[in-house]
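**Student:** Before anything else, here's the structure in question.
Numbering (my numbering), first residue to last: 21 to 178.
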């Protein structure tokens with residue numbers, strides 16, 4: 021796992037925080053991990069530790085953990101389609117006020133608006149869409165890059 025602060029020279033346009041997330045690219049810690057669920061645990065643990073160290077309550081940490089696990093699983097399994105030659109990138113910044121997390125994969129992306137609503141009767145037994153709904157439920161904001169292979173999540177500490 022490679023870890024380093026981000027700078028604008030090595031992050032693509034889609035890796036810039038969305039407007040209103042309250043963080044500049046140079047404030048993010050960037051981690052690049054092999055495309056495995058096991059390797060994805062390291063950035064997850066670092067982020068959870070940062071949340072604890074910045075005074076986030078347990079119930080907020082629980083929600084962030086669920087949303088982050090979903091984003092990481094989607095990147096490994098769906099974005100990179102389990103391809104061991106690919107990587108996932110996780111960037112994050114945690115302050116006492118907010119946590120900003122970005123998860124990106126090397127896949128072709130997807131259109132989040134085209135994912136069926138899992139709460140509609142006709143979709144109740146379909147396996148897709150629940151994770152995205154969960155991410156939106158536990159985070160303050162969730163935004164995707166235009167290409168659909170990068171998700172930004174914001175959780176305010178309130």
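Cβ coordinates follow ideal geometry from the N, Cα and C atoms, glycine included. This one's a predicted model, so the numbers in the text were calculated from it and none came from an experiment.
Can you give the beta carbon distance from residue 84 to residue 119, rounded, assuming they're within the 8 Å contact cut?
**Tutor:** Sure, about 6 Å apart at Cβ, within 8 Å.
**Student:** Taking the straight line between their C-alpha atoms, what separation do you get for residue 163 and residue 131?
**Tutor:** Residue 163 and residue 131: Cα-Cα distance of roughly 12 Å.
**Student:** So is residue 82 buried or exposed if we call it buried at 16+ other beta carbons inside 10 Å?
**Tutor:** That one is exposed.
**Student:** Under a Cβ-count criterion, where at least 16 other Cβ atoms within 10 Å of its own Cβ denotes burial, should residue 72 be classed as buried or exposed?
**Tutor:** With fewer than 16 other Cβ atoms within 10 Å, it is exposed.
**Student:** Which two residues bound the contiguous beta strand (DSSP E) that contains residue 50?
**Tutor:** Element bounds for residue 50: 49-54.
**Student:** Flag this pair as touching only if the region 88-102 and the region 40-52 have three or more C-beta atom pairs under 8 Å; answer yes or no.
**Tutor:** Verdict: no, contact absent.
**Student:** What residue range is occupied by the uninterrupted beta strand (DSSP E) comprising residue 96?
**Tutor:** Here residue 96 belongs to no beta strand (DSSP E), and DSSP marks it neither H nor E.
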